[in-house]
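J.: Got a structure here, written out as structure tokens. Questions coming.
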Amino acid sequence: MADEVILLDYWPSMFGMRTRVALEEKNIKFDYREQDLFNKSPILLEMNPVHKKIPVLIHNGKPVCESLIQVEYIDETWPGGNPFLPSDPYQRAQAKFWGDFIDKKVYGPTRLIWGAKGEEQEAGTKEFIEMLKMLESELGDKTYFGGETFGYVDIAMIGFYCWFDVLEKCGNFSIEAECPKLIAWAKRCMKRESVAKSLPDSNKITKFVPELKKKIGIE
Amino acid sequence: MVTGDVKLIGSWASVFVMRARIALNLKSISYEFLQETYGTKSELLLKSNPVHKKMPVLIHADKPVCESNIIVQYIDEAWSSYGPSILPSQPYDNAIARFWAAYVDDKWFIALRSILTARGEEEKKAAIAEVEERTDHLEKAFMECSNGKPFFNGDHIGYLDIALGSFLGWWKVVELDANHILLDETKTPSLFQWAERFCNDPDVKPLMPETTKLAEFARKLFPKPQA
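Quick mapping for you: the protein sequence lines, in order, are chains A and B.
So the first sequence is numbered by UniProt numbering: it starts at 1 and just counts up by one.
So the second sequence is numbered by UniProt numbering: it starts at 1 and just counts up by one.
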């Protein structure tokens with residue numbers, strides 16, 4: 001029986017990008033359905049009634065919500081190819097720790113950088129750089145976060161890369177100057193077909209952010 | 001299978017620490033409990049969790065694992081042949097358990113805590129309403145996950161039982177503080193009964209803090225503003 005895989009998503013979402021990358025890595029055919037977050041569709045509300053957010057992965061009619069949970073689900077459901085998570089329990093715990101870190105510590109400051117002004121924006125920028133440096137320290141000289149193979153933490157982080165351009169412009173700083181190894185890592189990831197297919201162009205995001213601000217009522 | 005020595009940095013009052021302890025009990029793993037002193041952070045804690053500087057930290061054969069839910073998953077995997085499985089085996093059930101555990105931390109607990117930090121009656125009422133709404137979601141989650149069995153995980157305590165059940169001590173303390181029932185036998189009957197079963201489980205019972213002691217600690221942690 002062929003699998004039916006649907007992804008409810010929103011093109012600029014760095015969370016949606018995680019799931020797109022994961023599905024592409026496993027060569028899973030899926031039906032990508034763009035959502036209007038300002039006018040939520042019945043299917044979105046039905047499949048994620050608790051949070052009403054994207055991405056939502058619908059596998060044979062059953063919804064899986066939350067991007068990192070989706071990435072793990074995809075890895076377990078379609079075990080062929082390179083696993084996203086290592087088999088060793090300690091290495092797995094480390095990978096999950098850093099995925100959780102990205103969610104808890106990296107995302108928040110980005111909203112302040114593009115969405116706030118003055119002191120708030122500066123604080124966001126400072127915090128963001130600090131968090132990126134922690135990630136860069138964890139990466140070290142490895143090819144990917146997990147070592148030689150592209151995996152969970154890379155998938156968790158790479159979607160932020162297409163936002164770097166607009167964040168740098170808004171926050172008036174250079175990520176490459178602060179974290180050159182992280183930029184080198186991102187460029188390596190971008191060479192992967194799964195990533196190149198799943199991330200929008202940086203300048204699309206940069207053009208989009210002022211429109212987004214208008215839509216949500218920030219000047 | 002090398003067991004290695006096991007240490008856990010934590011505190012008797014912490015919900016998150018309790019999660020790790022329940023999981024270790026389920027697997028019958030003996031460990032050294034390193035109780036942190038309230039108001040200070042030990043050198044070992046700061047060294048083992050330099051990123052968040054928080055407990056619990058599980059140290060297994062000198063390697064630290066941080067974040068309570070990640071620790072529980074680690075315990076399940078590192079000692080997979082000991083005792084019952086903590087995470088469901090099917091990927092979909094696993095995803096659902098992890099979804100609701102994240103909901104407990106990100107949405108439900110935040111609401112519960114805001115009752116303790118509420119300033120004035122209006123804020124308190126709003127916080128209580130939010131907790132009730134979110135507890136209602138958890139009642140539905142219980143029906144979805146348990147499939148008629150006694151626990152979220154089925155016949156035995158599992159990941160989601162631990163994630164939510166560890167809050168039961170504090171749940172009671174917040175009820176007393178708010179002077180309002182927050183786990184209602186008539187509104188959320190399945191959860192109510194599950195809570196009793198969970199607290200009476202032999203791997204949980206010795207760890208659940210005594211309500212008076214916890215309430216006293218809560219007053220220290222969440223002092224009431226001067227009138």
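Ideal Cβ positions, reconstructed from N, Cα and C, are used throughout, including at glycine.
Quick caveat: nothing in here was measured; it's all calculated off a predicted structure.
Thinking just about the alpha-carbon of each residue, which of A:V5, A:I43, A:P12, A:W114 is nearest to the one in A:I218?
T.: A:W114
J.: Output, in sequence order along the chain, the residues in the stretch 60-71 of chain B whose CB is closer than 7 Å to any CB in chain A.
T.: K63, V65, C66, E67, I70
J.: Please confirm whether A:I69 and B:A141 have their CB atoms less than 9 Å apart.
T.: With contacts defined as CB atoms closer than 9 Å, A:I69 and B:A141 fail to qualify as a contacting pair.
J.: Would a check of beta-carbon distances place A:A22 closer than 9 Å to chain B?
T.: no
J.: For A:E211, is the beta carbon positioned less than 8 Å from some heavy atom of the ligand ZN?
T.: Annotation note on the ligand ZN: not contained in the displayed structure, which lists no ligands.
J.: Rounded to the nearest angstrom, what separates A:A196 and A:K204 at their Cα positions?
T.: 14 Å
J.: For A:M190, count neighbouring Cβ atoms within 10 angstroms of its own Cβ and tell me buried if that reaches 16, exposed if not.
T.: Burial call: exposed.
J.: Going by C-alpha to C-alpha distance, which of A:E120, A:N60, A:E138 sits closest to A:G171?
T.: A:E120
J.: Can you name the residues of chain A whose CB is closer than 8 Å to the CB of B:A95?
T.: V64, I69, Q70, E72, Y73
J.: Which stretch, first to last residue, makes up the beta strand (DSSP E) that contains B:Q35?
T.: 32-35
J.: Measure from the C-beta of B:A102 to each C-beta in chain A and report whether the shortest distance is under 9 Å.
T.: Yes, contact with chain A.
J.: Among residues of its own chain, excluding the 5 on either side of B:V2, which ones have a beta-carbon nearer than 6 Å to its beta-carbon?
T.: Low confidence applies here, because B:V2 scores a pLDDT of 43, under 50, leaving its location unreliable and the question unanswered by this model.
J.: Cβ of B:G158 within 9 Å of Cβ of B:I71?
T.: no
J.: Restricting to runs no shorter than 4 residues, where is the alpha helix (DSSP H) found entirely within the UniProt domain "GST C-terminal" (90-221) of chain B?
T.: 91-103, 109-117, 120-146, 159-165, 168-178, 189-200, 211-221
J.: Nearest to B:A61 by CA position, among B:D5, B:E36, B:F109, B:S80, is which residue?
T.: B:D5
J.: According to DSSP, is A:R18 helix, strand or coil?
T.: helix
J.: Assuming B:P56 contacts B:S68 (C-beta within less than 8 Å), just tell me the rounded distance between them.
T.: That belief holds up - the Cβ atoms of B:P56 and B:S68 are roughly 6 Å apart, short of 8 Å.
J.: Please list, in chain order, the residues of the stretch 17-45 of chain B that have any C-beta partner in chain A closer than 7 Å.
T.: none
J.: Measuring only between beta-carbons, confirm whether B:V2 sits less than 9 Å from chain A.
T.: Unreliable placement is indicated for B:V2, whose pLDDT of 43 sits below 50; no coordinate value is reported for it.
J.: Based on Cα-Cα distance, which residue from A:L44, A:A22, A:E24, A:V50 lies nearest to B:T135?
T.: Closest in alpha carbon position to B:T135, among A:L44, A:A22, A:E24, A:V50, is A:V50.
J.: From the DSSP output, in three-state form, read off A:L85 for me.
T.: coil
J.: Under a Cβ-count criterion, where at least 16 other Cβ atoms within 10 Å of its own Cβ denotes burial, should B:Q90 be classed as buried or exposed?
T.: By the Cβ-count criterion, B:Q90 is exposed, with fewer than 16 other Cβ atoms from all chains shown falling within 10 Å of its own Cβ.
J.: With DSSP as the reference, label B:L24 as helix, strand or coil.
T.: helix
J.: Please state the DSSP three-state secondary structure of B:L87.
T.: Here B:L87 carries a coil assignment [DSSP, helix/strand/coil].
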